[in-house]
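In what follows, a structure is listed as structure tokens, so that the remarks can point back to it.
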Amino acid sequence: MNFPDELLSGIDTAAIEARTVAWAEINSGSENPAGLDAMRARLAADFAAVLGVPTQAVVLPPPASREGKGERCALLFRVRPDAPRRVLLGGHFDTVFGPEHPFQQVRRDGPLLRGPGVVDMKGGLSVMLEALAAFERSPAAGRLGWTVCLNPDEEIGSPWSRPLWKQLAAGHERGILFEPAMPGGRLVRSRKGSGNFRAAIRGRAAHAGRDPHLGRNAVLAAAGLAAAFDALNGQRESVFVNVGRIHGGGALNIVPDRAELGVNVRTVRDGDEEWFAARAAELLAELDSRDGFSAEWTGEFASPPKPATPQTEAMLAEIIACGRHLGLELETGDSGGASDGNKLQAWGLPVIDNLGPRGGGLHSEDEHAVVESFAERARLTALYLWTLAGGEK
Numbered sequence: 183m184n185f186p187d188e189l190l191s192g193i194d195t196a197a198i199e200a201r202t203v204a205w206a207e208i209n210s211g212s213e214n215p216a217g218l219d220a221m222r223a224r225l226a227a228d229f230a231a232v233l234g235v236p237t238q239a240v241v242l243p244p245p246a247s248r249e250g251k252g253e254r255c256a257l258l259f260r261v262r263p264d265a266p267r268r269v270l271l272g273g274h275f276d277t278v279f280g281p282e283h284p285f286q287q288v289r290r291d292g293p294l295l296r297g298p299g300v301v302d303m304k305g306g307l308s309v310m311l312e313a314l315a316a317f318e319r320s321p322a323a324g325r326l327g328w329t330v331c332l333n334p335d336e337e338i339g340s341p342w343s344r345p346l347w348k349q350l351a352a353g354h355e356r357g358i359l360f361e362p363a364m365p366g367g368r369l370v371r372s373r374k375g376s377g378n379f380r381a382a383i384r385g386r387a388a389h390a391g392r393d394p395h396l397g398r399n400a401v402l403a404a405a406g407l408a409a410a411f412d413a414l415n416g417q418r419e420s421v422f423v424n425v426g427r428i429h430g431g432g433a434l435n436i437v438p439d440r441a442e443l444g445v446n447v448r449t450v451r452d453g454d455e456e457w458f459a460a461r462a463a464e465l466l467a468e469l470d471s472r473d474g475f476s477a478e479w480t481g482e483f484a485s486p487p488k489p490a491t492p493q494t495e496a497m498l499a500e501i502i503a504c505g506r507h508l509g510l511e512l513e514t515g516d517s518g519g520a521s522d523g524n525k526l527q528a529w530g531l532p533v534i535d536n537l538g539p540r541g542g543g544l545h546s547e548d549e550h551a552v553v554e555s556f557a558e559r560a561r562l563t564a565l566y567l568w569t570l571a572g573g574e575k
């Protein structure tokens, strides 16, 4: 493969790292609108400065499930929208760490960069920017059109940006997202689907000393419901239910009349979502049938499963071939996590969604990125874009 020197020689690890540090030092937790606005402004400025392309801020109205939560904004960059081949690249700029979280600092620790979002996925966004800059320096650039979408809400299921992603899926040939690499740099072959649900349980308050028999203990009802949801595990091999939150009650001398239960559900196959919905309905109906109790059930499956398809298998083979030209022996694996790639593929766009850097500790205070992998993944992406553009023609 005779790719031009300028395609890879100008990729700058220090620049990727410096951007990652600067971006990770801006708190952009999913529920921090001010931080998300600050992050979006910085991304707009940096992408425009490096690529010299106009920025489009897309206002995202709140979905029904987030009524009253205000608008959010995504960023779009479009280059050669009339090209015969068009690729959608993207990623999210929100993190799971809000401004009140103790994990805020970024530091270099030998070969690792540690900080909130350094691998999930501000490091991935910096890799994407560097790869696009390298690709645009190549003679083949004029033959490929691309769109970048940066969204502010992936960590909470992309409720604001889902309609935008769906619109973009229809106008492109394939998609590339920059979620972190799997261990060893492996590429994701398939992903599980994911849904979040909440049960708001109501009982009846009473004096814990004088009239406990008149009360209906919502905390105990929530605990029983939690155990019932956990007992669903193993009943259907491809469904996993995690009870992730339970709280309620107040003063200890009152029989508590309110409690809340939160669950996350992972799915693999067609029919899994319907199976879980039916089991949840049975459990909630049983609770509602008990004297003095009721429950409100809300939530949705934000991401369907993302199975391997002939189209994505072909894309993986192309990327693996590019890796070999760079001295990388890339393997594939299956992930239990979901991404925006799940939704894009369900809407008909073949997607490879973890061309971000290697690292670990996602969603924890141990989050870190392997610095040498910044340039590694940028070169891999730039070379893949070059081959899609017919670089050797």
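The sequence shown lines up with residues 183 to 575 when you count with our numbering.
Beta carbons are placed, not taken as given, at the ideal position from N, Cα and C, and that holds for glycine.
Problem set entry | Start-to-end residues for the alpha helix (DSSP H) that takes in Gln136 | Not covered by the structure: residue 136. The range shown for the chain is 183 to 575.
Exercise. Asp302 bridges to which residues according to DSSP?
Worked result: Paired residues: none, contrary to the question.
Problem set entry | Of the listed residues Gln417, Val553, Ala413 and Ala571, nearest to Asp291 (C-alpha basis) | Residue Val553 is the option with its Cα nearest to Asp291.
For this session: Within 10 angstroms of the Cβ of Arg579, are there 16 or more other Cβ atoms? Answer buried if so, exposed if not.
Result: The first residue shown for the chain is 183 and the last is 575, placing residue 579 beyond what the model contains.
Exercise. Taking C-alpha atoms, which residue in Phe422, Ile338, Ile501 and Gly431 lies nearest to Asp454?
Worked result: Phe422
For this session: In the DSSP assignment, find the alpha helix (DSSP H) that holds Asn524 and state where it starts and stops.
Result: Where Asn524 is concerned, the enclosing alpha helix (DSSP H) stretches over Asp522 to Ala528.
Exercise. For the 8 Å Cβ check, are there 3 or more pairs between the stretch 558–571 and the stretch 500–511?
Worked result: yes
Exercise. Can you pull the DSSP bridge partners for Ala388?
Worked result: BP columns for Ala388 point to Val437.
Exercise. In three-state DSSP terms, what is Gly375?
Worked result: strand
For this session: Quick one: using the 10 Å Cβ neighbour count with 16 as the cut-off for buried, is His164 buried or exposed?
Result: The shown model of the chain, from 183 to 575, leaves out residue 164, and the question about it has no answer.
Problem set entry | Reference Val145, options Gly573, Leu434, Arg461 and Ile436, closest by Cα | Here the chain has residues from 183 to 575 only, and residue 145 is not among them.
Exercise. At least one CB of chain C closer than 9 Å to the CB of Ser191: is that the case?
Worked result: Considering every chain present, this structure includes no chain C. It has just one protein chain.
Problem set entry | beta strand (DSSP E) runs contained entirely in the stretch 477–521, provided each spans 3 or more residues | 514–517
Exercise. Three-state secondary structure (DSSP) at Gly367?
Worked result: helix
For this session: Just mark Leu396 as buried or exposed, buried being the case when its beta carbon has 16 or more other beta carbons within 10 Å.
Result: exposed
Problem set entry | Classification of Asp522 by the beta-carbon crowding that lies within 10 angstroms, buried from 16 upward | buried
For this session: Count the other C-beta atoms from every protein chain shown that fall within 10 angstroms of the C-beta of His550, then say buried if there are 16 or more, exposed otherwise.
Result: Counting of Cβ neighbours within 10 angstroms places His550 among the buried residues, the total reaching 16 or more.
For this session: Give the straight-line distance between the Cα atoms of Ala265 and Gly327, rounded to the nearest whole angstrom.
Result: Straight-line Cα distance between these residues: approximately 5 Å.
For this session: Between the Cα of Leu537 and those of Gly192, Leu218 and Phe360, spot the shortest distance and give me the residue it belongs to.
Result: Checking every option, the nearest Cα to that of Leu537 belongs to Phe360.
For this session: Pair every Cβ in the stretch 319–326 with every Cβ in the stretch 365–384, then say whether three or more of these pairs are closer than 8 Å.
Result: no
Exercise. Considering Val232, what are the terminal residues of the alpha helix (DSSP H) in which it resides?
Worked result: Pro215 to Leu233 is the extent of the alpha helix (DSSP H) around Val232.
For this session: Look at the Cβ atom of Pro532, then the Cβ atom of Thr491, and state whether they are nearer than 9 Å.
Result: yes
Exercise. Considering only residues of the same chain and omitting the five flanking positions on each side of Leu294, which have a CB-CB separation below 8 Å?
Worked result: Gly541, His550, Ala551, Val552 and Val553
Exercise. Ordered along the chain, which non-local residues of its own chain (more than five positions away) have a Cβ less than 7 Å from that of Gly432?
Worked result: Pro438
Problem set entry | Where Arg319 sits in the DSSP three-state scheme | coil
Exercise. Considering Thr329, what are the terminal residues of the beta strand (DSSP E) in which it resides?
Worked result: Gly327 to Asn333
Exercise. In terms of residue numbering, what span does the alpha helix (DSSP H) encompassing Gly406 cover?
Worked result: For Gly406, the uninterrupted alpha helix (DSSP H) segment begins and ends at Ala400 to Asp412.
Problem set entry | Helix, strand or coil at Gly272 [DSSP, three-state] | It is a strand residue.
For this session: Output the distance between the C-alpha atoms of Arg267 and Arg325, rounded to the nearest integer angstrom.
Result: 7 Å
Exercise. How would you call Lys374, buried or exposed, if buried means at least 16 neighbouring beta carbons within 10 angstroms?
Worked result: buried
Exercise. What residue does the alpha helix (DSSP H) around Asp291 start on, and which one ends it?
Worked result: Asp291 -> not in any alpha helix (DSSP H); beta strand (DSSP E) instead, spanning Arg289 to Asp291.
Problem set entry | Cα-Cα separation between Glu337 and Gly391, rounded to whole angstroms | 44 Å
Exercise. Excluding sequence positions up to five away, which residues of its chain have a Cβ less than 8 Å from the Cβ of Ala363?
Worked result: Leu369, Asn536, Leu537, Gly538, Pro539, Arg540, Gly541, Ser555 and Arg559
Problem set entry | Closest residue to Ala230 among Arg371, Glu419, Leu242 and Ala315 (Cα-Cα distance) | Nearest to Ala230 by alpha-carbon distance, out of Arg371, Glu419, Leu242 and Ala315, is Ala315.
Exercise. Going by Cα to Cα distance, which pick from Leu307, Arg386 and Thr195 is closest to Val401?
Worked result: Arg386
Problem set entry | Distance, Leu257 Cα to Cys331 Cα | The straight-line gap from Cα to Cα measures roughly 6 Å.
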